[in-house]
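**Student:**
In this note's numbering, the protein residues as written are 349 to 553.
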């Protein structure tokens, strides 16, 4: 087996492992950390790790897997919100669930690569900053598409009134709230801490 073949096998093996981890986190309580009344998702962690250790393609694929599981839950009507979105627009729901997560994985990898080029001697900072970018981008893309496609529907308008949101910006802030910040911190710490030694082991620069 030549070097290129070994590299491809290793890449596919790493990708398969991260996909498996992502699915386990999604379909078991392991993917959610209960902190008091809050439930913080860990699903962006494997996406961030793959994006930083394997590149944009892996980030996009892992983001697509994450998004596909979310879209499937919307199709099955696992929550009142996902059911309302899917009934209003299946295509819009696909964009919110899947396209947003693909963009998250892709952009997180690009941001990480850019940081490494600008700060080649600050690998630790790059790993933690890249890890932070994944959940932040997930929130930005998800909420951005949600507002774009669904802010006008009755369910979202009623939710905005319940939250006391007078405008789109306040709706986003009140809906994501502290939970989003908790998810950002967890992904930053966990994915950053894992990525740094993995990249050293794989001898990535």
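Think of the CB as a built atom: it goes at the ideal place given N, C-alpha and C, for glycine as much as any other residue.
Every value quoted in this text rests on a predicted model; they were computed, and no experiment measured them.
1) Less than 8 Å between the C-beta atoms of residue 522 and residue 528, yes or no?
2) Check for me: the alpha helix (DSSP H) holding residue 513 runs from which residue to which?
3) May I ask you to verify whether the segment 393–412 touches the segment 455–472, counting CB pairs closer than 8 Å and requiring at least 3?
4) In terms of residues, what are the limits of the alpha helix (DSSP H) holding residue 430?
5) Going by Cα to Cα distance, which pick from 445, 480, 503 and 520 is closest to residue 542?
6) State buried or exposed for residue 385, treating a residue as buried only when at least 16 other CB atoms are found within 10 Å of its CB.
7) Which partner residues does residue 389 have in the DSSP bridge list?
8) Would you report the Cα separation of residue 483 and residue 444, rounded to the nearest angstrom?
**Tutor:** The answer reads as follows:
1) Counting from 1 along the chain shown, the entry for residue 522 is found at position 174. Counting from 1 along the chain shown, the entry for residue 528 is found at position 180. No, they are not a contact pair.
2) Within the chain shown, residue 513 is the residue found at index 165, counting from 1. Unbroken run through residue 513: none, as it is neither H nor E.
3) yes
4) Here residue 430 corresponds to residue number 82 of the chain shown, with the count starting at 1. First-last of the alpha helix (DSSP H) with residue 430: 428–436.
5) As a position in the chain shown, residue 542 is number 194, starting the count at 1. Nearest C-alpha to residue 542: 480.
6) If you number the chain shown from 1, residue 385 lands on position 37. Any answer about residue 385 is weak, because its pLDDT of 46 lies below 50 and its placement is not dependable; what the coordinates show is given next. When all chains shown are included, residue 385 counts as exposed.
7) The sequence position of residue 389 within the chain shown is 41, counting from 1. In the DSSP output, where bridge partners are listed per residue, residue 389 has 380.
8) Here residue 483 refers to the residue found at position 135 when the chain shown is read from its first residue. Here residue 444 refers to the residue found at position 96 when the chain shown is read from its first residue. So the alpha carbons of these two residues sit roughly 15 Å apart.
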